[in-house]
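Peer 1: Quick note: the sequence shown, position 309, residue 309 per the UniProt record's numbering, numbers continuous.
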Amino acid sequence: MSLNEVSAVVSVLLGFAPSTSLPAISSSKLNKVLLPNPFDRPRAVFLVQIDGFNVPSFVSEGSNIFKTRIEGANIADTGLTDKDDLIVIHSDESLDLSRSDYLDNELSSLANWLEGSYQKSTGKLVIPLENGNSLTLQLDKEADKEFMSSLASLLKTIERAIQVHEDFSGVVNPAELLECHFTGLKALENEYGSGEIVKQGTEIVQRAVTKSFQSLHEAYKGKIVGLVISTNEAPSSLGSIIDAPSSLHISRRLEEASKTTDIASVVLVRKSLAWITGIILLVSTLIGVCLLMNMPLTRDTLLYSNVKID
Numbered sequence: 001m002s003l004n005e006v007s008a009v010v011s012v013l014l015g016f017a018p019s020t021s022l023p024a025i026s027s028s029k030l031n032k033v034l035l036p037n038p039f040d041r042p043r044a045v046f047l048v049q050i051d052g053f054n055v056p057s058f059v060s061e062g063s064n065i066f067k068t069r070i071e072g073a074n075i076a077d078t079g080l081t082d083k084d085d086l087i088v089i090h091s092d093e094s095l096d097l098s099r100s101d102y103l104d105n106e107l108s109s110l111a112n113w114l115e116g117s118y119q120k121s122t123g124k125l126v127i128p129l130e131n132g133n134s135l136t137l138q139l140d141k142e143a144d145k146e147f148m149s150s151l152a153s154l155l156k157t158i159e160r161a162i163q164v165h166e167d168f169s170g171v172v173n174p175a176e177l178l179e180c181h182f183t184g185l186k187a188l189e190n191e192y193g194s195g196e197i198v199k200q201g202t203e204i205v206q207r208a209v210t211k212s213f214q215s216l217h218e219a220y221k222g223k224i225v226g227l228v229i230s231t232n233e234a235p236s237s238l239g240s241i242i243d244a245p246s247s248l249h250i251s252r253r254l255e256e257a258s259k260t261t262d263i264a265s266v267v268l269v270r271k272s273l274a275w276i277t278g279i280i281l282l283v284s285t286l287i288g289v290c291l292l293m294n295m296p297l298t299r300d301t302l303l304y305s306n307v308k309i310d
């Protein structure tokens, strides 16, 4: 498949029409990976671009898997615009080294997520492997730090995506595109070559991506599709798949959802005050009628009742 065809698949999965520049011959290729029902679209895509990742080494436990090779490196056109109801969540691969408490919390959360351990005093992150061994990453090494940053960014992106999905649930129903660009494995290859450390890093990346998709699959109740793009050369044109939508669209949607929530709160308060006022008036009227009915028929009583006796 070409890069344009992959972009078209992403657009269709999100519930939008593909780019008009897509050739007619590409439709048959899209039918291989898409369900025939146009109304059965997940409207959520988890897109992971991994630099330096070996495709045959990635084996998912899922049953519905489609693998293909992307031909060419031309810039893709998704056809998505700012007018589309789309939320784009980008990953942030930077770790703030200026705040030690923040850094320790991020790496401790990452260690717990991968069932490993983080030593604050030495700055070492230890992640266990399936064969019983473990991979030790040191914060003072640039390649190790970039690998840890990529893993921490992946975890933060998943957590933020689940939170945003829960916030929009029941308010609006936009499409959601989660984008992660994993460069840590390529950094390990540049530093250590294609040795044992890179193989261990590949295993950890596979485990992290699998755990991420499992969490998203549960949070989205199965209405999400995972797309992993791997490349040894990391062409920048692959980023054009997710660069088309504007990130400002997220803020506008959040603002609309916030306004909708505020309006609903005001309406609820007004209805509550109206009901309380009505109940108080009704009770007061009933008490007044009961008191008037039970008053003795004396001269003073009739006088208070505005009745004049000759």
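We put the CB at the ideal spot given by N, CA and C, even for glycine. Since we're looking at a predicted model, the values are computed, not measured.
Determine the burial state of Leu14: buried for a count of at least 16 other Cβ atoms within 10 Å of its Cβ, exposed for fewer.
Peer 2: Position 14 of the sequence shown, counted from the start, is the residue given in the question as residue 14. Leu14 is buried by the Cβ-count criterion.
Peer 1: What does Leu135 pair with, by DSSP beta-bridge criteria?
Peer 2: As a first step, residue 135 is located in the sequence shown; it is residue number 135 there, counting from the start. DSSP, once it has assigned bridges, lists Ile127 as partnering Leu135.
Peer 1: On the three-pair Cβ rule with 8 Å, is the segment 20-34 touching the segment 192-210?
Peer 2: No, the segment 20-34 is not in contact with the segment 192-210.
Peer 1: Which value, in whole angstroms, describes the spacing of the CA atoms of residue 313 and Ser2?
Peer 2: For residue 313 there is no data in the structure shown, the boundaries of the chain being 1 and 310.
Peer 1: Quick one: what does DSSP say Ala175 is sitting in, helix, strand or coil?
Peer 2: Stepping through the sequence shown from its first residue, residue 175 is reached at position 175. If DSSP states are grouped into helix, strand and coil, Ala175 belongs with the strands.
Peer 1: Return the CA-CA distance between Val45 and Leu281, expressed in angstroms with no decimal places.
Peer 2: Locating residue 45 in the sequence shown gives position 45, counting from the first residue. Locating residue 281 in the sequence shown gives position 281, counting from the first residue. Rounded to whole angstroms, Val45 to Leu281 spans 55 Å at the Cα level.
Peer 1: Which residue or residues does DSSP assign as beta-bridge partners of Val88?
Peer 2: The count along the sequence shown starts at 1 and reaches residue 88 at position 88. BP columns for Val88 point to Leu177.
Peer 1: Give the secondary structure of Tyr140 by DSSP, where H, G and I count as helix, E and B as strand, and everything else as coil.
Peer 2: To locate residue 140, count along the sequence shown from 1; it is residue 140. Contrary to the premise, residue 140 reads as Asp rather than Tyr in this sequence. Here Asp140 sits in coil by DSSP.
Peer 1: From Glu5, Gln214, Asp51 and Asp101, pick the residue whose C-alpha is nearest to that of Leu34; which is it?
Peer 2: What you label residue 34 is simply residue 34 of the sequence shown in a count that begins at 1. Nearest C-alpha to Leu34: Glu5.
Peer 1: Is Gly52 near Leu185, with beta carbons less than 8 Å apart?
Peer 2: Counting from 1 along the sequence shown, the entry for residue 52 is found at position 52. Counting from 1 along the sequence shown, the entry for residue 185 is found at position 185. In contact: Gly52 and Leu185 (Cβ atoms closer than 8 Å).
Peer 1: For Phe213, report the span of its alpha helix (DSSP H) as first-last.
Peer 2: For the purposes of this step, residue 213 is identified with residue 213 of the sequence shown, where counting begins at 1. Its alpha helix (DSSP H) spans residues Glu196 to Ala219.
Peer 1: In terms of residue numbering, what span does the alpha helix (DSSP H) encompassing Leu13 cover?
Peer 2: On the sequence shown, residue 13 is found 13 positions in, with the first residue counted as 1. That run of the alpha helix (DSSP H) goes Leu3 to Leu13.
Peer 1: Any idea what DSSP makes of Ala44, helix, strand or coil?
Peer 2: Within the sequence shown, the letter at position 44 stands for residue 44. Ala44 falls in the strand class under three-state DSSP.
Peer 1: Only counting the same chain, and skipping five residues up and downstream in sequence, which positions put a Cβ closer than 8 Å to that of Asn190?
Peer 2: Mapped onto the sequence shown, residue 190 falls at position 190. Cβ within range, chain order: Ala143.
Peer 1: Rounded to whole angstroms, what is the Cα-Cα separation between Leu155 and Leu107?
Peer 2: Residue mapping note: residue 155 aligns to position 155 of the sequence shown, counting from 1. Residue mapping note: residue 107 aligns to position 107 of the sequence shown, counting from 1. Cα-Cα distance, rounded: 10 Å.
Peer 1: Are the segment 149-164 and the segment 191-202 in contact at 8 Å, needing three or more beta carbon pairs?
Peer 2: Touching, no.
Peer 1: Rounded to whole angstroms, what is the Cα-Cα separation between Asn112 and Asp104?
Peer 2: Translated into the one-based positions of the sequence shown, residue 112 becomes position 112. Translated into the one-based positions of the sequence shown, residue 104 becomes position 104. Taking the straight line from one Cα to the other gives about 12 Å.
Peer 1: Quick check on Leu13 - is its C-beta less than 8 Å from some C-beta in chain D?
Peer 2: In the structure shown, chain D cannot be found, because there is only a single protein chain.
Peer 1: What are the start and end residues of the alpha helix (DSSP H) that includes Pro184?
Peer 2: Counting from 1 along the sequence shown, the entry for residue 184 is found at position 184. Per the sequence presented here, residue 184 reads as Gly, with Pro not at that position. Element bounds for Gly184: Gly184 to Tyr192.
Peer 1: To the nearest angstrom, how far is the alpha carbon of Val266 from that of Gly226?
Peer 2: Position 266 of the sequence shown, counted from the first residue, corresponds to residue 266. Position 226 of the sequence shown, counted from the first residue, corresponds to residue 226. One C-alpha to the other measures close to 40 Å.
Peer 1: I need the straight-line Cα distance from Ala229 to Pro18, nearest angstrom please.
Peer 2: The residue given as residue 229 occupies position 229 in the sequence shown. The residue given as residue 18 occupies position 18 in the sequence shown. Inspection of the sequence shows that residue 229 is occupied by Ile rather than by Ala. Those two C-alpha atoms are separated by around 19 Å.
Peer 1: Where DSSP assigns a beta bridge to Ser230, which residues make up the other side?
Peer 2: Translated into positions along the sequence shown, residue 230 becomes position 230. The partner list for Ser230 (beta bridge, DSSP) reads Ile50.
Peer 1: Just tell me which of Val48, Ser215 and Gly288 has its CA closest to the CA of Ile162.
Peer 2: As a working note, residue 162 is residue 162 in the sequence shown. Comparing Cα-Cα distances from Ile162 to each of Val48, Ser215 and Gly288, the minimum goes to Ser215.
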